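Chains as they are written, first to last, in the UniProt record's numbering: chain L, 1 to 198; chain P, 1 to 198. Just so you know, even glycine gets a beta-carbon here, dropped at the ideal spot from N, CA and C. Predicted model only: the values in this text are computed from it and were never measured. To start, the structure itself, in structure tokens.
2 protein chains.
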Amino acid sequence: MSLSGQDDARTRRRGPALEGALLDAAWAELTERGYESFTIDAVATRAGTSRAVLYRRWPGKPELARAAIVHVVAQDPIEVKDTGSLRGDVIALLRQANERRVRIATQLVVSLADYYRATGTSLADLRESISGGQGPIMDGVIARALERGEIDASRLTPRIRNLPVDLFRHEVLMTHSAVPEETILEIVDTIFLPLVLA
Amino acid sequence: MSLSGQDDARTRRRGPALEGALLDAAWAELTERGYESFTIDAVATRAGTSRAVLYRRWPGKPELARAAIVHVVAQDPIEVKDTGSLRGDVIALLRQANERRVRIATQLVVSLADYYRATGTSLADLRESISGGQGPIMDGVIARALERGEIDASRLTPRIRNLPVDLFRHEVLMTHSAVPEETILEIVDTIFLPLVLA
DNA sequence: CCACTAAGAGACATTGCGTATCCTAAATTC
DNA sequence: GAATTTAGGATACGCAATGTCTCTTAGTGG
Chain L
1 MSLSGQDDAR TRRRGPALEG ALLDAAWAEL TERGYESFTI DAVATRAGTS
51 RAVLYRRWPG KPELARAAIV HVVAQDPIEV KDTGSLRGDV IALLRQANER
101 RVRIATQLVV SLADYYRATG TSLADLRESI SGGQGPIMDG VIARALERGE
151 IDASRLTPRI RNLPVDLFRH EVLMTHSAVP EETILEIVDT IFLPLVLA
Chain P
1 MSLSGQDDAR TRRRGPALEG ALLDAAWAEL TERGYESFTI DAVATRAGTS
51 RAVLYRRWPG KPELARAAIV HVVAQDPIEV KDTGSLRGDV IALLRQANER
101 RVRIATQLVV SLADYYRATG TSLADLRESI SGGQGPIMDG VIARALERGE
151 IDASRLTPRI RNLPVDLFRH EVLMTHSAVP EETILEIVDT IFLPLVLA
């Protein structure tokens, strides 16, 4: 019984191709069902494989979820373009984060419960491992503003430098939804710029 | 066999007394085990009762967890005292939150995963239901500062008014631990006060 | 004192977990 | 390109927790 129509025509995936499919399936489950209802069984079924294959790669549910998140984020990096002014750069950055990260961030907080406890890590660690070694996202923006002489370097503490991103993130965490354009402008114009402009 | 030593000497709790014991047990489980390992079984055992009693009151695990959190927070309100200056008031407020809310907040974020999805609520809603009808915690602090003429009322947008608390919360959410004293001072002295002082 | 409510014990089917075993398709080696 | 090794995929197992029910009995109020 080697040829029974389309059923036996399936090929057996391996290595990276399989792993990608597993992580995509995990991500889909995560977004559709949420972490609590996220089951290894469902991921295996959706990926057209069996649980054993998943357990060979990840110890359990939190690690699989985390891997899925990192995988998805890595495929969709945020680029910060030069708009010609600090204000424009920061607004562009926040808008982009709004478009490309809100769903992920929402999943992330609303989810990953126990993972932190089990591993002793925190949201901050996860944020770090997601942004990779590329350093704080604000770096490029700030560097250009300093070149242009737009900001008072003496006021630029690390905390103030990250203020727009931190406030944006706080907003997303609190509401679990995209941040309104007015809020972005408010953060930039009434908080960040007054603190750093020369 | 009505008298077998101490075993039958137990009394059967009812109403509020029982409910309090259930919520205390739930809270203890939550803090000791984390939300993911939080089981109705364990709560029932710890409270010396059976699951049926819990299911009679709450539909399931997320609702019980939430009820336990609200219960604990309600027993330990934050009071904001008058220290004589805006700076002192805000610092005192953050310090108190640091002492009395960090464990709870940590539980809270690291936990309650699916509840939001299931009910369509968010962290912001939970924050609201926890702070009760008493309004933003910064209100009293701001009112006194306005009386003293310490702040420029025109700069006082709602967002800026809540900035210290929001940044504090963000810090806790990110690190899952208490906020260092220096960070509290930094938030107040390099961000909040420069934005509002006349 | 009687009737009613609800506490507490326990049984039940169901579901997800994590492990182990087996077979075979794909990759690797000679 | 055949032989060998690796790992994918199916299946079954025991375990733990869920949520539902039933039953007995302790406390409460009339």
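- Within the stretch 178 to 195 of chain P, contact with chain L at the beta-carbon level (separation under 7 Å) is assigned to 186, 190, 191, 194 and 195.
- Assignment of residue 151/L by DSSP, reduced to helix, strand and coil, places it in the strand class.
- In the DSSP assignment, residue 194/P falls within the unbroken alpha helix (DSSP H) covering 193 to 196.
- Inter-residue distance for residue 169/L and residue 98/L is about 9 Å (C-alpha atoms, whole angstroms).
- Cβ neighbours of residue 64/P within its own chain (closer than 6 Å, five residues either side excluded): 26 and 58.
- Below the 8 Å Cβ cutoff, chain L contributes 166, 167, 169, 170 and 173 as neighbours of residue 170/P, in chain order.
- Within the same chain, 187 come within 6 Å of residue 167/L by CB-CB distance, once the 5 residues on both sides are set aside.
- For residue 53/P, the enclosing alpha helix (DSSP H) begins and ends at 51 to 55.
- Contact with chain L is absent for residue 39/P, since none of that chain's Cβ atoms lies less than 9 Å from the residue's Cβ.
- In this structure, the alpha-carbon of residue 62/L lies about 43 Å from that of residue 197/L.
- The three-state reading of DSSP puts residue 138/P in coil, since its state is none of H, G, I, E or B.
- In the displayed model, residue 15/L falls within a helix according to three-state DSSP.
- In this structure, the alpha-carbon of residue 183/L lies about 12 Å from that of residue 175/L.
- Distance from the Cα of residue 162/L is smallest, within the candidate group 93/L, 178/L, 101/L and 181/L, for 93/L.
- With a cutoff of 9 Å on beta-carbon distance, residue 43/L and residue 29/L are scored as near each other.
- Within the model, the alpha-carbon separation for residue 66/P versus residue 20/P is close to 14 Å.
- Within the model, the alpha-carbon separation for residue 83/P versus residue 40/L is close to 54 Å.
- Between residue 142/L and residue 165/L the beta-carbon gap is near 11 Å, outside 8 Å, which marks them as no contact.
- For residue 160/P, the nearest beta carbon of chain L is closer than 9 Å to its own beta carbon.
- Listed in chain order, the non-local C-beta contacts of residue 50/P below 7 Å within the same chain comprise 44, local neighbours out to five positions each way being set aside.
- For the pair residue 55/L and residue 60/P, the Cα-to-Cα distance works out to about 29 Å.
- Residue 171/L sits buried, since 16 or more C-beta atoms from the chains shown fall within 10 Å of its C-beta.
- Identification of residues in the stretch 133 to 158 of chain P having a C-beta nearer than 7 Å to some C-beta of chain L yields 157, given in sequence order.
- Interface criterion not met: the Cβ of residue 23/P is under 9 Å from no Cβ in chain L.
- The Cβ-Cβ distance between residue 72/L and residue 23/L falls below 9 Å.
- A straight-line Cα-Cα distance of about 43 Å links residue 179/L and residue 46/P.
- The criterion of a C-beta distance shorter than 9 Å is not satisfied by residue 70/P and residue 18/P.
- The straight-line gap separating the alpha-carbon atoms of residue 15/L and residue 36/L is approximately 28 Å.
- An exposed status is given to residue 139/L, since fewer than 16 other beta-carbon atoms sit within 10 Å of its beta-carbon.
- Here residue 193/P has 87 as same chain residues with Cβ atoms under 7 Å from its own Cβ, once five neighbours each way along the sequence are excluded.
- No Cβ-Cβ contact shorter than 9 Å links residue 190/L with residue 11/P.
- Residue 195/P holds the alpha-carbon nearest to the alpha-carbon of residue 152/P among 177/P, 185/P and 195/P.
- Of the residues 48/L, 75/L, 78/L and 85/L, the one whose Cα lies closest to the Cα of residue 148/L is 85/L.
- Residue 36/P belongs to the set of residues whose beta carbon lies under 9 Å from a beta carbon in chain L.
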